[in-house]
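Chemist:
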Amino acid sequence: MATNDNFFERVYDVAKKIPYGRVTTYGAIANFLGAKQSARMVGWAMNASAKHEDIPAHRVVNRVGLLSGKHHFEGTSVMQQLLEAEGIQIEDHKVVDFEAHLWDPAKHL
DNA sequence: CGGGTGACCACAT
DNA sequence: AATGTGGCCACCC
87 MATNDNFFER VYDVAKKIPY GRVTTYGAIA NFLGAKQSAR MVGWAMNASA
137 KHEDIPAHRV VNRVGLLSGK HHFEGTSVMQ QLLEAEGIQI EDHKVVDFEA
187 HLWDPAKHL
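Mapping of the first sequence onto the numbering used here: residues 87 to 195, in sequence order.
1) Is the beta carbon of Ile97 sitting closer than 7 Å to the one on Ala131?
2) In three-state terms, what does DSSP make of Ile141?
3) Between which two residues does the alpha helix (DSSP H) harbouring Pro191 extend?
4) I need the straight-line Cα distance from Gly113 to Ser163, nearest angstrom please.
5) Count the other C-beta atoms from every protein chain shown that fall within 10 angstroms of the C-beta of Leu195, then say buried if there are 16 or more, exposed otherwise.
6) Which same chain residues end up closer than 6 Å to Phe118 when comparing Cβ atoms and leaving out the 5 residues on each side of it in sequence?
7) Would you check if the distance between the CB atom of Thr110 and the CB atom of Ile104 is smaller than 7 Å?
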């Protein structure tokens, strides 16, 4: 077994399903997994996802649309650049019209 | 083995 | 209204 740490695997699975040009939040994923209290773990899972190439962690931001994880990327602007490349406008490290681009797994999945 | 930290969020005061 | 604290679980020292 192994292989799957439940919570982590689920986070990866959902993160991979984030549509192009859309963003989601740690809390939304955690909530979707039924553990909104463990939003922190989602972030930690993303950290581990760094070794997972198929995890578009740049599409995951905190609940206010702030690129909380930009600091953990290869560079500091990579995350923003990726989002902008997908048509998402970033201003002051925050997603513009965040709710409009928000993709909630609990709603769409 | 124990403690502290962390890409967070929600509630309480 | 703003600030503080709690909670969750995994990983590092």
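Just so you know, even glycine gets a beta-carbon here, dropped at the ideal spot from N, CA and C.
Being a predicted model, the structure only gives us computed values, none of them experimental.
Modeler: This is what the structure holds:
1) The residue labelled residue 97 in the question sits at position 11 within the first sequence. The residue labelled residue 131 in the question sits at position 45 within the first sequence. In the sequence as displayed, the identity of residue 97 is Val instead of Ile. Yes, the Cβ-Cβ distance between Val97 and Ala131 is below 7 Å.
2) The count along the first sequence starts at 1 and reaches residue 141 at position 55. Here Ile141 sits in coil by DSSP.
3) Against the first sequence, residue 191 aligns to sequence position 105. Unbroken alpha helix (DSSP H) run through Pro191: 191-194.
4) Start at 1 with the first residue of the first sequence, and residue 113 comes out as number 27. Start at 1 with the first residue of the first sequence, and residue 163 comes out as number 77. Their backbone Cα atoms lie some 23 Å apart in a straight line.
5) As a first step, residue 195 is located in the first sequence; it is residue number 109 there, counting from the start. Exposed: under 16 other Cβ atoms inside 10 Å.
6) In the first sequence, counting from the first residue as 1, residue 118 sits at position 32. Same-chain partners within the cutoff: Pro191, Ala192.
7) Counted from its first residue, the first sequence places residue 110 at position 24. Counted from its first residue, the first sequence places residue 104 at position 18. Going by C-beta atoms, Thr110 is nearer than 7 Å to Ile104.
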